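Peer 1:
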Amino acid sequence: MTKVTDVYGEGYKNLLSASHLKENPNLCTTYTIQSVEVREIGKLEPQKKVVIDIGIGDYELALNKTNARELEKAFGEVVENWQGKQIELKLGKSTYKGNPVDSVFVEPKQ
C-alpha cells in the first residue's frame, strides 16, 4: 500500500494549495516573498520546483510552471532575486489531465 507521505514526503503538509485558499478566502491577498529556493517535491517521482515562503505560518508555495513564468516575466529569471517582491494569491480554475481543478495563481505586484 502506498501512503501519501510515500509520494510527497513528510513536507507535503506544509505546501499551500488551492483547498487552503478555498477554505479561507482571506488568504487571497498580497504577500511579500520572504525566501525562495529550488527543491525537489515528491518522493516517488520528485520534480524540481521553485518554492517560495510568503510568511503564512509554516506554509510555503511550490510554484507550477505557469506561476513561475509569471514571476519570471515580472521579476527576472534569477529566482533568488524575487525575495522582497510582492505577489497576490488568487484562486482560480485550470485544467489538469483534461479536468477542471481549483488552482492557486500568483499575480506579481510592481
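Counting in the working numbering, the sequence shown runs from 1121 upward without gaps.
Beta carbons are placed, not taken as given, at the ideal position from N, Cα and C, and that holds for glycine.
Please read these numbers as outputs of a predicted model, since none were measured by experiment.
1. Tell me where the beta strand (DSSP E) around leucine 1191 begins and ends.
2. Output the boundary residues of the alpha helix (DSSP H) element that contains lysine 1210.
3. The alpha helix (DSSP H) with valine 1139 in it runs from where to where?
4. Please return the same chain residues whose Cβ sits closer than 7 Å to the Cβ of serine 1214, not counting the five positions on each side in sequence.
5. Spatial neighbours of glutamate 1157 within its chain, please: CB distance less than 7 Å, with the 5 preceding and 5 following residues excluded, ordered by chain position.
Peer 2: So, from the data block:
1. Counted from its first residue, the sequence shown places residue 1191 at position 71. In the DSSP assignment, leucine 1191 falls outside any beta strand (DSSP E) and lies within the alpha helix (DSSP H) extending over 1185-1195.
2. On the sequence shown, residue 1210 is found 90 positions in, with the first residue counted as 1. First-last for lysine 1210: 1206-1216, but that is the beta strand (DSSP E), not the alpha helix (DSSP H).
3. As a first step, residue 1139 must be located in the sequence shown, where it is residue number 19. The sequence given here has serine at residue 1139, not valine. For serine 1139, the enclosing alpha helix (DSSP H) starts and ends at 1138-1143.
4. In the sequence shown, counting from the first residue as 1, residue 1214 sits at position 94. The beta carbon of serine 1214 sits closer than 7 Å to those of Val1221 and Ser1223, all from its chain and outside the five residues before and after it, given in chain order.
5. For this step, residue 1157 is matched to residue 37 along the sequence shown. Cβ within range, chain order: Val1171.
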